[in-house]
Ligand code: IVH
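Numbering (this note's numbering), first residue to last: 287 to 999.
Shown next as structure tokens:
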């Protein structure tokens with residue numbers, strides 16, 4: 287290869303990788319699989335090795351991605367969060383072992399083999415046994431403070447349990463002064479499906495896989511949203527530890543020992559772990575969730591056997607496991623081999639004592655019979671490959687996502703092509719690449735429609751995005767999806783009015799708009815089904831019954847962009863009627879705690895549209911009279927007041943406190959601002975308490991809170 291060509295390819299790979307990093311780390315929506323991403327990185331690393339004149343210190347091969355986003359406080363890790371090199375290759379794994387044998391001088395080395403969890407890395411700080419911080423990897427050196435979100439994880443103790451062996455020893459410290467514990471946050475597949483179902487009902491974008499959803503969730507600015515999703519965590523690693531763990535030759539300067547401190551027994555080692563396996567046992571003894579299945583083995587053949595066992599077991603694990611992490615067991619030996627890139631910033635280091643072996647994802651080859659495009663409620667048009675059915679990871683796959691027009695063009699996917707389809711933790715299989723050798727001679731490039739397949743109006747590219755949108759408000763497909771959404775669980779939750787029935791009503795011309803639902807008569811429905819009297823009666827009643835549904839449901843059901851269930855509830859509480867909401871000014875809207883300009887604008891714009899205003903008027907006209915949220919008695923202690931909860935209260939659970947606040951007329955908010963009236967703080971209250979103090983917001987403890995409410999209850 288010529289230098290110029292190499293240079294161009296290197297530059298191209300760097301931009302591609304940077305783009306994927308941005309999507310993976312910051313937007314939590316990767317569009318290529320890990321396997322392909324790793325392959326791109328490997329290609330780049332190989333080229334950089336071959337053409338060293340083009341190697342760059344800030345090449346993506348030299349750094350970890352950066353997940354930091356707006357809206358979070360930044361926290362420096364005491365010890366940088368390093369990553370691991372990946373390999374898909376047994377030979378490379380054996381080379382890893384050979385290097386260690388050479389460095390340590392023996393070949394029966396002990397290793398741990400652990401499942402590599404495909405989630406989001408997090409660093410937890412416990413100070414004297416109390417959870418004080420949770421921080422994302424960030425750029426490896428400094429991450430985002432996600433403590434409030436991580437505290438909602440049910441399985442994570444806010445205080446460590448003293449382990450049995452130190453309980454009887456008055457002098458042994460139960461916990462280090464400060465310890466950074468590394469782990470992975472993930473979502474189970476069922477939970478991922480549940481949330482995606484809600485996303486779908488709400489007409490919001492679907493997450494491709496549990497990992498993306500977990501990453502998106504830990505970066506939610508509103509911890510109330512986080513609390514509704516069942517995040518889980520497993521811990522597996524040691525960051526900084528003060529005083530340092532036993533067995534580490536501190537003279538060699540193991541990077542994790544931040545400060546050497548004399549132990550209580552006259553300078554001896556003060557903590558009971560000296561290896562990865564004993565550390566795991568310690569984590570478990572402290573009551574932390576650890577991996578249930580991991581292996582401690584000697585020699586590389588035993589490592590390979592353990593990886594094989596892991597591969598057969600992993601599909602039964604609660605988390606997606608994309609590989610194995612192999613770690614040299616004794617900390618003392620880890621300290622001997624140390625880190626690659628020593629002397630550089632911690633984030634550029636990678637441990638020589640660990641290696642990640644990744645399993646190749648489940649893939650299958652099949653043919654694309656057709657490419658169809660779907661129109662969503664918001665008008666977004668998504669291309670889908672209609673496949674020759676193929677068995678993949680235990681299920682028959684008939685359709686796979688093609689993501690968007692740009693992706694089709696980038697991969698040059700054509701109808702008639704044989705393609706590789708992959709399912710790697712994703713629920714929706716994806717087309718990964720085209721098998722060019724099998725392309726029919728007469729194939730033609732796919733032309734993405736320029737017009738909506740449902741209504742024929744010209745598609746418009748989403749400003750600054752990759753989606754193509756149908757902007758015709760009367761598009762029958764959009765209308766169908768909107769009506770479905772209105773009737774769905776996320777909206778009015780109308781019994782018996784699912785997708786099929788909506789479709790039937792539309793095709794028979796019985797409805798064209800949402801309000802038409804309320805005009806349906808039993809007589810209209812009778813011709814639709816043989817002996818359908820009971821069905822027709824139930825449906826008409828079911829619809830009529832929901833005329834007085836909760837106001838927030840109606841607001842949510844309208845499908846206003848940016849307005850999810852939580853915002854719909856805020857709007858219902860503030861405006862108390864559709865009429866009130868329809869006439870709200872931008873200023874009224876931004877006053878709502880938790881509403882940014884963007885949401886306020888979206889609501890204004892929606893109600894500014896004549897078609898939407900007519901829809902609301904029609905709804906009111908057909909008798910829709912939603913029920914506003916119960917209002918606390920006039921003069922209730924917390925009427926109109928916003929309260930933020932933080933920390934653990936001595937007797938009340940979060941739910942109980944929320945209930946009490948709401949029934950006293952108050953509202954619970956997730957973040958402290960000038961609009962907050964009180965902060966109710968318990969044990970281990972963190973940054974919210976500090977913020978309250980700095981803004982002069984009154985802080986209540988549980989006793990003061992009870993006393994305050996005492997007047998009304
Ligand atoms: S050890 C320096 N152990 O995979 C040691 N990492 O590719 C690095 N991961 O950054 C971490 N399961 O986010 C370790 N059992 C495990 C893991 C694990 C998942 C993640 C972690 C890490 C990445 C390395």
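Backbone N, C-alpha and C define an ideal beta-carbon position, used for all residues, glycine too. Note that the structure is a prediction, hence the values are computed from the model and not measured.
In terms of residue numbering, what span does the beta strand (DSSP E) encompassing residue 472 cover? Position 186 of the chain shown holds residue 472. First-last of the beta strand (DSSP E) with residue 472: 464-472.
heavy atom of the ligand IVH below 8 Å from residue 296 C-beta: Counted from its first residue, the chain shown places residue 296 at position 10. Every heavy atom of the ligand IVH is 8 Å or more from the Cβ of residue 296, so no.
To the nearest angstrom, report how far apart residue 473 and residue 716 are at their CA atoms. By one-based count along the chain shown, residue 473 stands at place 187. By one-based count along the chain shown, residue 716 stands at place 430. In this model, residue 473 and residue 716 are separated by some 20 Å (Cα to Cα).
Quick one: which unbroken alpha helix (DSSP H) runs of 4-plus residues sit fully inside the region 555-628? Chain order, please. Within the region 555-628, the runs of alpha helix (DSSP H) that reach at least 4 residues and sit entirely inside it are, in chain order, 562-571, 586-599 and 617-623.
Neighbourhood of residue 653 by C-beta, 8 Å cutoff - its chain only, sequence neighbours within 5 removed: Along the chain shown, one-based indexing puts residue 653 at 367. Within the same chain, residue 653 has close Cβ partners 673, 674, 702, 703, 704 and 705.
Rounded C-alpha distance that separates residue 690 from residue 480: Working through the chain shown from its first residue, we reach residue 690 at position 404. Working through the chain shown from its first residue, we reach residue 480 at position 194. Looking at the two C-alpha atoms, the distance is approximately 24 Å.
Distance cut-off 8 Å: residue 636 Cβ against heavy atoms of the ligand IVH: Along the chain shown, one-based indexing puts residue 636 at 350. Yes, the ligand IVH has a heavy atom inside 8 Å of this Cβ.
So residue 303 packs on residue 333, CB below 8 Å; how close in whole Å? Locating residue 303 in the chain shown gives position 17, where the first residue counts as 1. Locating residue 333 in the chain shown gives position 47, where the first residue counts as 1. Residue 333 and residue 303 do not touch by the CB rule: their CB atoms are close to 12 Å apart, not below 8 Å.
Assigned exposure category for residue 425 - 16 Cβ within 10 Å defines buried: The count along the chain shown starts at 1 and reaches residue 425 at position 139. Residue environment analysis places residue 425 among the buried positions, since at least 16 neighbouring C-beta atoms fall within 10 angstroms of its C-beta.
Between the C-alpha atoms of residue 525 and residue 566, what's the straight-line distance to the nearest angstrom? Taking the chain shown and counting its residues from 1, one reaches residue 525 at position 239. Taking the chain shown and counting its residues from 1, one reaches residue 566 at position 280. Between the alpha carbons of residue 525 and residue 566 lies a distance of about 13 Å.
Quick one: is residue 435 buried, meaning 16 or more other Cβ sit within 10 Å of its Cβ, or exposed? If you number the chain shown from 1, residue 435 lands on position 149. Classification for residue 435: buried.
Using DSSP with H/G/I as helix, E/B as strand and the rest coil, what is residue 409? Counting from 1 along the chain shown, the entry for residue 409 is found at position 123. In the structure shown, residue 409 sits in a strand (DSSP, three-state: E or B).
When the Cα of residue 292 is compared with those of 845, 447 and 339, which residue comes out closest? Translated into positions along the chain shown, residue 292 becomes position 6. Nearest to residue 292 by alpha-carbon distance, out of 845, 447 and 339, is 339.
Helix, strand or coil at residue 493 according to DSSP, with G and I counted as helix: In the chain shown, residue 493 corresponds to position 207, counting from 1. Collapsing the DSSP output to three states places residue 493 in coil.
Are the region 925-933 and the region 847-856 touching by the rule of at least three beta carbon pairs closer than 8 Å? Cβ pair count under 8 Å is below three, so no.
With a threshold of 7 Å on Cβ separation, who are the neighbours of residue 577 within its own chain once the five nearest residues in sequence on each side are excluded? Position 291 of the chain shown, counting from 1, holds the residue named residue 577. If we look at residue 577 and ignore the five residues flanking it on each side, its Cβ neighbours are 400, 401, 520 and 522.
Is residue 320 near residue 644, with beta carbons less than 9 Å apart? In the chain shown, the residue the question calls residue 320 occupies position 34. In the chain shown, the residue the question calls residue 644 occupies position 358. The answer is yes: Cβ separation under 9 Å.
Quick check: the Cα distance between residue 984 and residue 778, rounded to an integer number of angstroms? In the chain shown, the residue the question calls residue 984 occupies position 698. In the chain shown, the residue the question calls residue 778 occupies position 492. Roughly 39 Å separates the two Cα atoms.
Within a Cβ cutoff of 8 Å, which residues of the same chain sit near residue 913, ignoring the five residues on either side of it in sequence? Here the question's residue 913 lines up with position 627 in the chain shown. Residues of the same chain with a CB within less than 8 Å of the CB of residue 913, apart from the 5 flanking positions on each side, are 834, 835, 836 and 837 in chain order.
Any non-hydrogen atom of the ligand IVH within 8 Å of residue 528 CB: As a position in the chain shown, residue 528 is number 242, starting the count at 1. Not one heavy atom of the ligand IVH falls within 8 Å of the beta-carbon of residue 528.
Which of the three DSSP states is assigned to residue 529 in this structure? Your numbering for residue 529 matches position 243 in the chain shown. Coil.
Since residue 763 and residue 740 should fall inside the 8 Å C-beta cutoff, what is the C-beta to C-beta distance between them, to a whole number of angstroms? Mapped onto the chain shown, residue 763 falls at position 477. Mapped onto the chain shown, residue 740 falls at position 454. Yes, residue 763 and residue 740 are in contact; Cβ-Cβ is about 3 Å, under 8 Å.
Keeping to the same chain, check which residues put their C-beta closer than 6 Å to that of residue 684; ignore five residues upstream and five downstream. Here residue 684 is taken as the residue at index 398 of the chain shown, counted from 1. If we look at residue 684 and ignore the five residues flanking it on each side, its Cβ neighbours are 673 and 675.
Going by the C-beta, is residue 403 closer than 8 Å to any heavy atom of the ligand IVH? Here residue 403 refers to the residue found at position 117 of the chain shown. The answer is yes for residue 403.
Whole beta strand (DSSP E) runs in the region 360-411 with 3 or more residues, listed along the chain? Runs found: 360-362 and 396-403.
Who are the near neighbours of residue 545 in its chain, counting only those whose CB is closer than 6 Å to its CB and skipping five residues on each side? Indexing the chain shown from 1 puts residue 545 at position 259. In this prediction, residue 545 scores a pLDDT of 35, lower than 50, which makes its location untrustworthy; the coordinate-derived value is nonetheless stated afterwards. Only 528 meet the Cβ criterion.
Quick one: does the C-beta of residue 407 sit closer than 8 Å to a heavy atom of the ligand IVH? Along the chain shown, read from residue 1 onward, the residue named residue 407 stands at position 121. Flag set: Cβ of residue 407 near the ligand IVH.
When you compare the CB positions of residue 1027 and residue 988, do they come within less than 9 Å of one another, or not? This structure cannot settle anything about residue 1027, because the visible part of the chain is limited to 287 through 999.
Just verifying my parser: in three-state terms, what is the DSSP assignment at residue 754? The residue you call residue 754 lines up with position 468 of the chain shown. If DSSP states are grouped into helix, strand and coil, residue 754 belongs with the strands.
Using C-beta distances below 6 Å, list every residue in its chain close to residue 289, excluding the 5 sequence neighbours before and after it, in chain order. Along the chain shown, read from residue 1 onward, the residue named residue 289 stands at position 3. For residue 289, same chain residues with a beta-carbon under 6 Å away, outside a window of 5 residues either side, do not exist.
For residue 553, which three-state DSSP category applies? Counting from 1 along the chain shown, the entry for residue 553 is found at position 267. Residue confidence is low: residue 553 scores 30 on pLDDT, short of 50, so the model does not pin down where it sits. Its coordinate-derived value is still stated next. In the structure shown, the three-state DSSP call for residue 553 is coil.
Just checking my contact of residue 828 with residue 783 at CB under 8 Å: how many whole Å lie between their CB atoms? Taking the chain shown and counting its residues from 1, the one referred to as residue 828 is at position 542. Taking the chain shown and counting its residues from 1, the one referred to as residue 783 is at position 497. Your pair residue 828 and residue 783 checks out as a contact, with CB atoms roughly 7 Å apart and the cut at 8 Å.
With burial defined as no fewer than 16 other Cβ atoms inside 10 Å of the residue's Cβ, what is the status of residue 587: buried or exposed? Here residue 587 is taken as the residue at index 301 of the chain shown, counted from 1. Exposed: under 16 other Cβ atoms inside 10 Å.
Among all the DSSP beta bridges, which residues are the ones paired with residue 644? On the chain shown, residue 644 is found 358 positions in, with the first residue counted as 1. Partner residues in the beta bridge of residue 644, as assigned by DSSP, are 609.
Could you tell me the boundaries of the beta strand (DSSP E) in which residue 964 lies? Within the chain shown, residue 964 is the residue found at index 678, counting from 1. Taken as a continuous stretch (DSSP letters only), the beta strand (DSSP E) holding residue 964 covers 964-967.
Spatial distance of residue 440 from residue 574 (CA atoms): Position 154 of the chain shown holds residue 440. Position 288 of the chain shown holds residue 574. Answer to the nearest angstrom: the Cα atoms are 11 Å apart.
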